[in-house]
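Chemist: Submitted below is the structure of interest, expressed as structure tokens.
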Amino acid sequence: MTTTAERPAAQLPPPPRRRPALRVSARRSLTAWLFLTPTLLILVAFTVYPMVQALYLSFTDYNLIRAAEWVGLDNYTELLSDGSFWNAFGNTVLYALVVTPVTVVLALAFALMLNQAFRGRAFARTAIFLPFIVSLGIIAIAWAFLLDPNIGLISHWLSLVGIVPEQGWLSDPRYAMAAVMIVGVWKNVGFYMVIYLAGLQSIPVDMYEAARLDGAGVLQRFRNVTLPLLSNQTLLVSVLALIATLQAFDQIYVMTRGGPFFRTETLVMLVYREGFQELRFGYASAISFVLVIFVFILSMVQFGYLRRKQVTY
Amino acid sequence: MTTTKPVRPGKPAVGGAATTASARRRRPVNTHRAATWLLAITSVAIGLLMLLPIIWMVFTAFKPESDIVSAPPTLWPRELTLEHFVEVWDRIPFARLYVNTIVFAGSVTIISLLFDSMAAYALARLPFKGRAVVMVLILLLLMLPFQVTLIPLYDMLNGMGLTNTLPGLIIPRMTNAFGIFFLTQFFLSLPKDLEEAARVDGASEWRIYWGIILPLSRPALLTLGLFHFQYNWNDLLWPLVMSSSVETSTLPAGLALFMGQHVVEYGLLMAGSLLAMLPVILFFLLIQRSFVAGIATTGLK
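Top line first, the protein sequences correspond to chains A and B.
According to full-length UniProt numbering, the first sequence is numbered sequentially starting from 1.
According to full-length UniProt numbering, the second sequence is numbered sequentially starting from 1.
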């Protein structure tokens with residue numbers, strides 16, 4: 001309404017229009033940079049610079065006390081023959097390969113269940129989501145107690161059905177990794193479920209009606225309607241979950257400190273140990289760069305996906 | 001289900017098909033009801049199982065130590081006590097940890113929301129030269145696992161004398177690539193009419209940002225606010241690295257350090273943990289509705 005009143009007024013003086021317009025765009029550019037200033041200053045000083053510094057440190061023998069000395073590729077060649085690096089690398093990959101698919105499948109199953117209408121649904125949704133917002137570091141203390149061989153309730157319940165590890169769940173080399181994996185799944189499954197629920201609710205009901213009229217059963221409707229229409233969510237959730245699992249640290253630090261016998265030591269745990277306990281900053285930086293390359297490759301997949309999605313919108 | 005049928009009376013053929021379909025469906029109405037009940041019971045059981053560690057934590061916090069360590073362990077307390085909740089404030093510098101965590105998570109949330117939204121406003125609403133470069137930078141940083149900056153960042157802040165201080169914890173977190181990306185996506189989806197009208201009326205960009213865009217973005221800001229708040233409140237690694245003692249850290253790091261030294265004091269640790277988790281849970285329950293709506297309507301879809 002206001003535009004109709006203003007348009008003729010704006011068109012009235014045509015000759016001096018060019019210069020103010022240029023000035024307006026220059027002013028807007030300046031404003032944009034002003035809006036960006038605090039963010040850019042902080043990002044450059046506390047993220048970009050440290051990252052470059054980490055790359056530099058990974059080529060030195062810096063250890064906080066002694067000044068950094070350039071050692072070339074020594075840290076990286078040491079990595080290749082370092083048993084504890086390969087152990088942590090293997091543990092990280094194992095953790096990611098188990099936790100990611102289990103979390104995604106469970107999240108989808110929960111979302112399908114809780115997309116139906118029934119009494120108790122709101123409770124179940126909140127209960128499944130709640131672990132995502134509590135501190136993993138704090139709740140892992142409760143998990144450690146629940147799995148304690150003497151006072152642990154879950155240990156006790158499992159012993160009632162005859163499952164008794166020889167040395168307690170967290171100190172038995174065969175079960176400790178499984179325990180921290182379960183906690184990892186438990187923590188994040190609710191978040192991915194919410195993403196799936198949002199996806200399910202955007203599927204038009206007509207699709208199901210049409211499939212039903214064509215005589216498709218429940219399984220067929222799931223395979224041919226639900227799953228293809230959720231492929232966006234599945235890709236997003238899998239990449240998010242994979243990246244998160246590669247950075248596993250919190251519950252492992254609290255429940256096992258990487259033990260027993262380094263069976264649960266992940267790459268981030270190793271960075272922490274080499275960096276802040278052994279104070280080998282150069283070597284730890286090299287390990288962290290291996291992690292960066294890992295995550296970066298996976299993120300490129302995600303970025304490609306997000307950009308493609310932006311275009312189709 | 002049946003209400004959709006009379007809405008489309010146009011095609012008799014479809015109507016006929018629908019009636020036969022509904023007749024086929026009506027027969028197993030009892031099994032349908034049974035299935036719903038089964039679904040409800042299963043879901044509630046899964047929900048309770050998911051809550052088990054939290055429920056157990058609540059009960060254990062109220063159990064006397066003798067009850068906690070007596071075999072066999074039970075979920076339900078045999079006896080109730082408040083002693084752990086009283087003791088925790090003396091045994092751990094708990095008030096100090098609490099204040100540290102509130103200041104850390106609170107100020108990071110507020111400052112980051114401000115800086116993130118300012119940057120997102122420029123990226124989404126102000127066409128300028130260099131926008132593509134900044135956008136690529138943000139996306140690159142989005143992919144960066146923060147663990148890689150940990151050692152140089154610690155070294156740098158240590159050199160500035162900021163380790164073991166709250167500013168040292170807060171300053172590097174005052175803006176966040178994910179937050180900028182999230183809000184940019186949201187701002188791009190807002191209609192342009194209002195701000196164009198304001199611009200014609202001569203409003204400054206700051207006025208438009210503060211007076212029009214931010215109020216329109218309430219659900220997105222609340223969602224991101226919860227993300228920032230819970231992420232920082234819950235973070236373990238960063239405060240663990242930045243603080244060398246229980247006094248200067250936040251709740252998760254402080255409790256983890258305390259647990260490392262006094263592993264046997266179960267009741268105390270559970271009372272402390274429960275108190276430490278409460279604010280985030282309350283925050284979530286308060287804004288739950290807009291949080292889920294925020295996820296559904298923004299970039300995470």
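Idealized CB from N, CA, C, for every residue including glycine.
1. Could you tell me the alpha carbon to alpha carbon distance between L55/A and S285/A, rounded to whole angstroms?
2. Using a Cβ-Cβ cut-off of less than 7 angstroms, give me the residues of the segment 233-264 of chain A that come near chain B, in sequence order.
3. Please compile the residues from chain A whose C-beta is within a distance smaller than 7 angstroms of the C-beta of V134/B.
4. In angstroms with no decimal places, state the Cα-to-Cα distance between V86/B and G272/B.
5. Are three or more beta carbon pairs between the segment 259-268 of chain A and the segment 89-109 of chain A nearer than 8 angstroms?
6. Closest to F182/B by C-alpha separation, out of F59/B, N164/B, H228/B, would be which residue?
7. Whole angstroms are fine: how far does the CA of Y231/B sit from the CA of F59/A?
8. Counting only the same chain and skipping the five closest in sequence on each side, list residues whose C-beta sits under 6 angstroms from that of P149/A.
9. Can you pull the chain C residues whose beta carbon is under 7 angstroms from the beta carbon of F296/A, in chain order?
10. If you follow the alpha helix (DSSP H) that V212/A is part of, which residue opens it and which one closes it?
11. At least one CB of chain B closer than 9 angstroms to the CB of Y49/A: is that the case?
12. Quick one: what's got a C-beta closer than 6 angstroms to N87/A's C-beta in the same chain, skipping five residues either side?
13. Return helix, strand or coil for T256/A, following the three-state DSSP convention.
14. Taking one C-beta from the segment 32-45 of chain A and one from the segment 117-135 of chain B each time, how about it: are there three or more such pairs within less than 8 angstroms?
15. Mind checking if M270/B is an interface residue toward chain A, Cβ cutoff 9 angstroms exclusive?
16. Exposed or buried, which one is Q277/A when buried takes at least 16 other CB atoms within 10 Å?
17. If F281/A and Y62/A are in contact, beta carbons under 8 angstroms, what's the gap, nearest whole angstrom?
18. Name the chain A residues whose beta carbon is nearer than 7 angstroms to that of S245/B?
19. Going by DSSP, what residue range makes up the alpha helix (DSSP H) through M118/B?
20. Can you tell me whether W70/A is helix, strand or coil according to DSSP?
21. Spell out whether any CB of chain A is found under 9 angstroms from the CB atom of K192/B.
22. Between V183/A and M207/A, how many whole angstroms is the CB-CB distance? I'm expecting something under 8 angstroms.
23. Less than 9 angstroms separating the beta-carbons of K63/B and L80/B?
24. Within its chain, find whatever has a CB closer than 7 angstroms to the CB of L216/B; leave out the 5 residues flanking it on each side and keep chain order.
25. Would a check of beta-carbon distances place I281/B closer than 9 angstroms to chain A?
26. Which residues does DSSP pair with T60/B in a beta bridge?
27. DSSP three-state call for T165/B: helix, strand or coil?
28. Check whether chain B comes within 9 angstroms of residue 317/A, counting only Cβ atoms and requiring the distance to be less than that.
29. Restricting to Cα atoms, I'd like to know which of I41/B, L274/B, F187/B, S243/B is closest to T60/B.
30. Output the boundary residues of the alpha helix (DSSP H) element that contains R121/A.
Modeler: Checking against the coordinates, here is how it stands:
1. 7 angstroms
2. Q247, F249, D250, Y253, V254
3. L36
4. 10 angstroms
5. yes
6. H228/B
7. 32 angstroms
8. S155, G168
9. In the displayed structure, chain C is absent; the protein chains listed are A and B.
10. In the sequence under discussion, the amino acid at residue 212/A is Arg, which differs from the Val named in the question. Element bounds for R212/A: 205-213.
11. yes
12. F262
13. coil
14. yes
15. yes
16. exposed
17. 5 angstroms
18. In chain order: nothing, as chain A lies at least about 14 angstroms away.
19. 94-125
20. strand
21. no
22. Actually they do not touch by this definition, with Cβ atoms about 37 angstroms apart.
23. yes
24. L190
25. yes
26. DSSP, once it has assigned bridges, lists no residue as partnering T60/B.
27. coil
28. The shown model of chain A, from 1 to 313, leaves out residue 317/A, and the question about it has no answer.
29. L274/B
30. 121-133
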